[in-house]
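Residue numbers (our numbering), protein chains in the order written: chain C, 11 to 245; chain R, 11 to 245. C-beta: ideal position from N, C-alpha, C; glycine also.
Protein chains: 2
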Amino acid sequence: MQQVNHPTDSGMHAAVQRLTSDSLGQIKIGHSCSSTSEKTLNAHEHLYLEDNKQTHVYILLEGVVGTYKLLADGRRQIVGFVYPGDMLGLDQSGSYTNSAEALSTCRVRCVPISAIDKLILGEPGFGQTVLRATSQELAETRELLVSLGKKSAMEKLATFLLRISRRMDANGQNPDCINLPMKRAEIGDYLGLTIETVSRNFTKLKGSQIIKIVSNSEVRILDRAALEAVSEGSI
Amino acid sequence: MQQVNHPTDSGMHAAVQRLTSDSLGQIKIGHSCSSTSEKTLNAHEHLYLEDNKQTHVYILLEGVVGTYKLLADGRRQIVGFVYPGDMLGLDQSGSYTNSAEALSTCRVRCVPISAIDKLILGEPGFGQTVLRATSQELAETRELLVSLGKKSAMEKLATFLLRISRRMDANGQNPDCINLPMKRAEIGDYLGLTIETVSRNFTKLKGSQIIKIVSNSEVRILDRAALEAVSEGSI
DNA sequence: CGTTCTCTTGAGATCCCTCAACACCTGTGG
DNA sequence: CCACAGGTGTTGAGGGATCTCAAGAGAACG
Numbered sequence: 011m012q013q014v015n016h017p018t019d020s021g022m023h024a025a026v027q028r029l030t031s032d033s034l035g036q037i038k039i040g041h042s043c044s045s046t047s048e049k050t051l052n053a054h055e056h057l058y059l060e061d062n063k064q065t066h067v068y069i070l071l072e073g074v075v076g077t078y079k080l081l082a083d084g085r086r087q088i089v090g091f092v093y094p095g096d097m098l099g100l101d102q103s104g105s106y107t108n109s110a111e112a113l114s115t116c117r118v119r120c121v122p123i124s125a126i127d128k129l130i131l132g133e134p135g136f137g138q139t140v141l142r143a144t145s146q147e148l149a150e151t152r153e154l155l156v157s158l159g160k161k162s163a164m165e166k167l168a169t170f171l172l173r174i175s176r177r178m179d180a181n182g183q184n185p186d187c188i189n190l191p192m193k194r195a196e197i198g199d200y201l202g203l204t205i206e207t208v209s210r211n212f213t214k215l216k217g218s219q220i221i222k223i224v225s226n227s228e229v230r231i232l233d234r235a236a237l238e239a240v241s242e243g244s245i
Numbered sequence: 011m012q013q014v015n016h017p018t019d020s021g022m023h024a025a026v027q028r029l030t031s032d033s034l035g036q037i038k039i040g041h042s043c044s045s046t047s048e049k050t051l052n053a054h055e056h057l058y059l060e061d062n063k064q065t066h067v068y069i070l071l072e073g074v075v076g077t078y079k080l081l082a083d084g085r086r087q088i089v090g091f092v093y094p095g096d097m098l099g100l101d102q103s104g105s106y107t108n109s110a111e112a113l114s115t116c117r118v119r120c121v122p123i124s125a126i127d128k129l130i131l132g133e134p135g136f137g138q139t140v141l142r143a144t145s146q147e148l149a150e151t152r153e154l155l156v157s158l159g160k161k162s163a164m165e166k167l168a169t170f171l172l173r174i175s176r177r178m179d180a181n182g183q184n185p186d187c188i189n190l191p192m193k194r195a196e197i198g199d200y201l202g203l204t205i206e207t208v209s210r211n212f213t214k215l216k217g218s219q220i221i222k223i224v225s226n227s228e229v230r231i232l233d234r235a236a237l238e239a240v241s242e243g244s245i
C-alpha cells in the first residue's frame with residue numbers, strides 16, 4: 011500500500027522502442043516509433059493499483075514484481091510473480107484488474123496505452139504477441155488454481171519451487187539455485203497458506219535433504235526427482 | 011472421461027459464418043468466409059481433452075460446459091463453467107491446456123483453428139475480440155483464485171452463487187432464479203471443497219433464509235444483500 | 001549494540017475432510 | 001402399483017491439516 015509511481019517521460023522523446031517476441035515467446039526491446047520510458051522502482055513501490063485507470067503497459071527488465079488482489083477486509087491474494095521479460099498491466103478493461111508491487115529493485119519499460127493500441131492496429135505480429143502473452147498468463151494462473159484448489163501445503167510449496175526453478179532455467183540461470191526475492195508472507199499469500207505453514211514446510215523439505223536453505227532468499231535443490239514426487243503427492 | 015466428439019463437418023460447405031463481438035464483449039455469429047459446423051453434445055460428453063492437439067475453437071450456443079484439469083492421481087480442478095456466448099478452446103500453445111465436458115445438453119459452433127488463424131490475420135477487429143475474450147477469462151480465473159486462496163467454504167459458495175447470478179443477468183435471465191446444471195461434486199471441484207461441505211453450506215444458507223432450494227438444479231436468491239455480505243465474510 | 005523486521009518453532013483451536021449412514025429421486029421390472 | 005437398484009444429496013461423528021496465538025531466534029541496519 012505505497013504510493014504509485016507514474017513513469018515520468020524520461021527525456022521528452024525517449025528512445026524510440028519496439029516490442030518483438032523472441033523464440034521463447036518472451037518480450038524483448040527493439041526499435042520502432044512509439045515513445046516509451048524506463049523507470050526504476052525500489053522494493054515495495056507500486057507500479058499500479060487495482061481499479062486505477064490503465065495508462066501504461068509495462069515490460070519488466072530486471073527484478074521481480076508481485077501482482078495481487080485484495081478482499082474488502084484486507085486479505086491479500088497474490089495472483090502472480092512476474093519475472094524479467096514478462097509484460098505487466100495487459101488488461102483489456104480500461105482499468106487494472108490487480109495491483110502490482112515491486113518485490114525487489116526493479117527496472118521496467120513503460121509503454122503508454124495509446125502506443126500499445128497503435129502497435130496492435132499497425133504492426134501485424136504485435137497483436138498476436140500480446141495475445142500469446144495473455145494466453146500464457148491464463149495457463150499459468152490455471153496451474154496455480156489447481157494448486158490452490160487441490161493440493162496440500164507441502165505439494166503447493168514443492169510445486170512453487172519447481173515453477174520458479176523452471177523460470178530461472180528459461181532465463182538462462184542455474185535451475186537448481188533458486189533465488190527467492192519474496193518474503194515468506196508473500197509466498198503464503200501466493201499459495202493460500204500462512205507464513206508459519208510455509209516455514210514449517212521449508213523446514214520439512216530441508217530435513218528430507220531435498221533442498222538446502224542457503225539464506226532466506228536462496229534455496230538449492232538437492233534432489234529434484236524427490237521434489238517432483240512431493241509436488242505430485244507421491245510421498 | 012468419455013470419448014471426445016470431433017465435430018463432423020455437417021454439410022460440406024456449412025453455413026458460412028463469422029464471429030463479431032457485441033456490446034457486451036460476447037460472441038455472436040455473423041457471415042464470413044470460413045467453414046464452420048454445429049454440434050450437439052449430451053451431458054458428460056467431452057468437447058476436447060487436455061494435451062490433445064488443438065483442432066477447433068468452439069462457441070457455446072446452448073447449455074453449460076465445465077473446463078477442468080486433472081492431477082496425476084485423479085484429483086480434478088474445474089477451472090471454469092462456460093455459458094452460452096463464451097468461446098472455448100482458445101489456447102495459443104497448439105494443444106488444449108484443459109479438458110472440456112458438457113454438463114448439460116449443449117449446442118456448440120465449431121471453428122477450425124485454421125479459420126481462426128485466417129480471421130486473426132485477415133479481419134482487423136477479430137484479433138482484438140479474441141484478445142478481449144482471453145483477457146476476460148483471465149480476470150475471471152483470478153477472481154476464482156482469490157476465492158480458492160483466501161475464502162472460507164461459506165464465502166466461496168456465496169461468491170459462486172453471485173457469480174452465476176450475474177452471468178444469468180448478463181444473458182437476460184432472472185438473476186434471482188439461479189439455474190445450476192452442475193452437480194454438487196462439480197461445484198466442489200470448482201471451489202476446492204468436498205460435496206459434503208458444499209451441501210452443508212447450501213443447507214446453512216437455506217436455514218438463514220438467504221436462499222431457497224427449489225430443486226437440486228435451481229436456487230432462488232431471497233436476500234441478495236445478505237448473500238453479498240456472506241460472500242465477503244461480513245457475517 | 002540495540003531496534004526492527006523476518007523467520008522459526010511450539011501448543012492449542014478450528015475448519016474442513018473422511019468415513020458412514022440415511023434420505024431422496026428416478027427409472028425399471030415384477 | 002409396488003419393490004428395488006443406482007445415482008445423487010444430506011446429515012452426523014470423528015480426525016487431521018492448517019490456522020491462530022505466542023514466544024523466541026536470526027538477520028539487517030543504523
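Asked                                                                                                                  : Found
Within-9 Å CB hit, A82/C to chain R                                                                                    : yes
Rounded straight-line distance, which links the Cα of I188/R to that of L171/R                                         : 8 Å
Per-residue contacts from L158/C into chain R (C-beta, under 8 Å)                                                      : L155, L158, G159 and G202
I39/R at chain C interface by Cβ criterion, 9 Å                                                                        : Here I39/R scores only 48 on pLDDT, less than 50, and its place in the model is too uncertain to base an answer on.
Inter-stretch contact at 8 Å, needing at least 3 Cβ pairs: the region 108-127 of chain C / the region 62-70 of chain C : yes
Three-state secondary structure (DSSP) of A125/R                                                                       : helix
Buried or exposed (CB count within 10 angstroms, at least 16 for buried), E228/C                                       : exposed
One or two residues paired with K49/C in a DSSP bridge                                                                 : V118/C
9 Å Cβ cutoff, G95/R in contact with chain C                                                                           : no
DSSP state of N211/R mapped onto helix, strand, coil                                                                   : helix
Sheet register partners of G76/C (DSSP bridge)                                                                         : F91/C and E111/C
Cβ neighbour criterion (16 or more within 10 Å) applied to R176/C                                                      : exposed
Short Cβ contact (9 Å threshold) for G137/R with I130/C                                                                : yes
Test: K128/C CB closer than 9 Å to a CB of chain R                                                                     : no
Per-residue contacts from N108/R into chain C (C-beta, under 8 Å)                                                      : R152
Whole-number beta carbon distance between G104/R and H66/R, since they are thought to touch under 8 Å                  : Not really, about 13 Å apart at Cβ, beyond 8 Å.
Interface residues of the region 136-151 of chain R facing chain C [CB-CB below 8 Å]                                   : G137, Q138, V140, L141, R142, T144, S145, Q146, E147, L148, A149 and T151
Any chain C beta carbon closer than 9 Å to V89/R                                                                       : yes
Entirely enclosed alpha helix (DSSP H) segments - the region 129-170 of chain C, minimum 4 residues                    : 134-160
Beta-bridge pairing of M97/R - partner residues as DSSP gives them                                                     : I69/R
Own chain residues within Cβ distance below 6 Å of S109/C, not counting five before or after                           : L59, E60 and Y78
Proximity test, Cβ basis, 9 Å: S31/C and chain R                                                                       : The predicted position of S31/C is uncertain, since its pLDDT is 43 and thus under 50; no value can be drawn from it.
Neighbour flag for P122/C against chain R, beta carbons, 9 Å                                                           : no
CA nearest to the CA of D186/C, picked from S244/C, I231/C, I245/C and D83/C                                           : I231/C
Spatially closest choice to S114/R from A163/R, L154/R, K161/R and A53/R, by CA coordinates                            : A53/R
Distance CB(I221/R)-CB(L237/R) smaller than 9 Å                                                                        : yes
V92/R to L148/R span [Cα, whole Å]                                                                                     : 13 Å
Start-to-end residues for the alpha helix (DSSP H) that takes in S241/C                                                : R234 to S241
Alpha carbon of M97/C to alpha carbon of A143/C, nearest angstrom                                                      : 7 Å
N184/R classed as buried or exposed, judged by whether at least 16 other C-beta atoms fall within 10 angstroms         : exposed
Nearest to T125/R (by Cα), restricted to the options T50/R, T46/R and S241/R                                           : Looking at the sequence provided, one finds Ala at residue 125/R rather than Thr. Taking only the C-alpha atoms, the option nearest A125/R is T46/R.
Minimum Cβ-Cβ distance from Q36/R to chain C less than 9 Å                                                             : Here Q36/R scores only 46 on pLDDT, less than 50, and its place in the model should not be relied on; the value that follows carries that caveat. No, Q36/R lies away from the interface with chain C (no Cβ there is under 9 Å from its Cβ).
Interfacial residues, the region 60-79 of chain C to chain R, with Cβ spacing under 8 Å                                : K79
Alpha carbon of A112/R to alpha carbon of G198/R, nearest angstrom                                                     : 17 Å
9 Å Cβ cut-off: residues of chain R touching D179/C                                                                    : Result: empty, since nearest Cβ-Cβ is about 18 Å, beyond 9 Å.
CB of E165/R within 9 Å of CB of S218/R, strictly                                                                      : no
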